[in-house]
Amino acid sequence: MNYKKACEILDVNNDISIQNIKKQYRLKALLYHPDKNQSDDANTKFQEISEAYQYLLDSEQDSEDDDNRDEMLSNMDYKYYLFMFLKNTIKGNSQEPLLYAILKKTTTLCSEKALQLLQNLEKPSLIKIYEILTKNKQYLHIESDLLDKIEQLIGEKIENDECVILQPCIDDLFENNLYKLTINQHIYIVPLWHTHMVYDNSGNDVYVKCFPILDDHIEIDKHNNIHIQHKETLDNIWKSKELYLNIGNKRVDVPIDQIALKPDQVICIKHAGISQINSDNIYDVSQKSHIYVYLKLL
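Counting in our numbering, the sequence shown runs from 1310 upward without gaps.
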């Protein structure tokens, strides 16, 4: 529960006072009380209403006559809301505890000590911290000088990194082909159906990006699904009793029973595409993506 959500649940956005909070709670509680409301979600709604009421009541108890909402963020409360903001910013990141701890220290230390702390970070964590601080500098009161120094630090760390661009054809993707990459006597086996890979090279990073060579009417999305534009006459489909497309050397049959009598439609051919990306096992080819055919009947 948070302040905004609690206000929305009780509908008290325009009149935030203890009297109105109690009034709205009584109205909402009567409306969704399980004894009076037999709907499936009544219990859940009633519980949310009770939680919102208690949350707002606690927030307003010491400031009943205070209409200035900014006072809630002053003094000791400011740090609490600041750290909650930081935690929500990195929520879902695999390194959430580490990033949160570093962000917390960075925003409370002086610039010199904060920079000393950041110097020992690995590149991915440092770049993530920099992105968060830059995006939210007005809320975190981060000095521009500190951001400039962090940017310089990132530049030093990536100075010797390499970026390799590969351009496989669509057949390479369907055939799960691998590319042997040699850099400084290090050999890397690159799965070409991945969009990007990062390899370690004696402390430096090797960034490999794959940009497949595709015809103008074909696209591949971030999930490796294939999107293909196709025009066909209804007469041809009727005569041949079939519709197939050639994607590179691969023949893809479009199910006739999925074709509707309308000019524009999207037909999904499930699990007929290229291998999906598995970050935990980069050479896994067991799961296939979908093919979406954007069919225009003429």
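Quick reminder that beta carbons are idealized off the backbone N, C-alpha and C, glycines included.
Residue i (DSSP reduced to helix, strand or coil)
{"i": "SER1598", "result": "coil"}
{"i": "LYS1489", "result": "strand"}
{"i": "ASP1481", "result": "helix"}
{"i": "ALA1315", "result": "helix"}
{"i": "ASP1562", "result": "strand"}
{"i": "TYR1592", "result": "coil"}
{"i": "ASP1320", "result": "coil"}
{"i": "PRO1572", "result": "coil"}
{"i": "LEU1430", "result": "coil"}
{"i": "GLU1465", "result": "helix"}
{"i": "ILE1498", "result": "strand"}
{"i": "LEU1442", "result": "helix"}
{"i": "SER1584", "result": "strand"}
{"i": "GLU1460", "result": "helix"}
Option in the options with minimal Cα separation from residue i
{"i": "LEU1366", "options": "LEU1340, GLN1567, ASN1311 and LEU1339", "result": "ASN1311"}
{"i": "LEU1570", "options": "LYS1605, VAL1561, ASN1558 and ASP1589", "result": "LYS1605"}
{"i": "LYS1559", "options": "SER1326, GLU1484, ASP1350 and ASN1329", "result": "GLU1484"}
{"i": "TYR1553", "options": "VAL1602, HIS1495, LEU1462 and ILE1496", "result": "VAL1602"}
{"i": "ASP1530", "options": "HIS1503, ASP1454, SER1549 and ASP1509", "result": "HIS1503"}
{"i": "ILE1591", "options": "ASN1429, ILE1498 and GLU1421", "result": "ILE1498"}
{"i": "ILE1565", "options": "LYS1550, ASP1573, PRO1572 and LYS1579", "result": "LYS1550"}
Nonlocal neighbours in the same chain, by C-beta distance under 8 Å from residue i, ignoring five residues either side
{"i": "ASP1593", "result": "SER1584 and ASN1587"}
{"i": "ILE1459", "result": "LEU1424, LEU1427, LEU1435, ILE1438, TYR1439 and LEU1442"}
{"i": "ILE1556", "result": "ILE1479, PHE1483, ILE1527, ILE1535, ILE1537 and ILE1600"}
Cβ shell of residue i (< 7 Å), same chain only, five flanking positions each side left out
{"i": "GLY1582", "result": "ASN1533, ASN1534, ILE1535, LYS1597, SER1598, HIS1599 and ILE1600"}
{"i": "GLU1528", "result": "HIS1536"}
{"i": "PRO1572", "result": "LYS1605 and LEU1606"}
Classification of residue i by the beta-carbon crowding that lies within 10 angstroms, buried from 16 upward
{"i": "CYS1577", "result": "exposed"}
{"i": "ILE1479", "result": "buried"}
{"i": "VAL1575", "result": "exposed"}
{"i": "LEU1543", "result": "exposed"}
{"i": "TYR1389", "result": "Only weak support exists for where TYR1389 lies, its pLDDT of 46 falling under 50; the value from the coordinates is given anyway. It counts as exposed."}
Proximal residues to residue i (C-beta, below 6 Å), its chain only, five neighbours per side dropped
{"i": "ILE1474", "result": "LYS1518"}
{"i": "LEU1490", "result": "TYR1497 and VAL1499"}
Of all the beta strand (DSSP E) runs that stay within the bounds of the region 1505-1558, which reach a length of 3 or more residues?
1505-1510, 1513-1519, 1527-1529, 1535-1541 and 1552-1556
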